[in-house]
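Q: I have a structure I would like to understand better, so I am pasting it below and will then ask my questions one at a time.
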Amino acid sequence: MSKTSSKESVCSPLKEKIKEGSCCKVESLISIDERGQMVLPKELRDKAHIHAGDKLALISWDMNGEICCFTLIKAEALAEKVKDFLGPIMKI
193 MSKTSSKESV CSPLKEKIKE GSCCKVESLI SIDERGQMVL PKELRDKAHI HAGDKLALIS
253 WDMNGEICCF TLIKAEALAE KVKDFLGPIM KI
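Heads up: the sequence shown runs through residues 193 to 284, numbered per my numbering.
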């Protein structure tokens, strides 16, 4: 997946991925230090083509009023999805 990735590189709907058995996996365990910082392992950054200066959107998932998990999405991919969604409405 490059910085100018196309739609085919975007994950399929969750339902399909669960059926295929390739939706989610534990890639790594990360620790949070006393300042609340964490490190995304280099192998994962390389695999996801995440580089210094890239922006990630953190999406939280709520269950019964408590955050149960987080998802990180490249900000540029999220912006493209918003543009795809709103573009026809806004005539962009």
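Glycine included, each C-beta is placed from N, C-alpha and C at the ideal position.
#1: Would you call the CB atoms of Ser252 and Ile259 closer than 8 Å?
#2: Less than 7 Å between C-beta atoms, sequence neighbours within five positions excluded: which residues of the same chain meet that for Glu219?
#3: Pull up the distance between the alpha-carbon of Ile222 and that of Lys247, whole angstroms please.
#4: Which one or two residues does DSSP pair with Phe262 in a beta bridge?
#5: Per DSSP, Met230 forms a beta bridge with which residues?
A: The structure says:
#1: yes
#2: Leu236
#3: 19 Å
#4: Ser252
#5: Ile224
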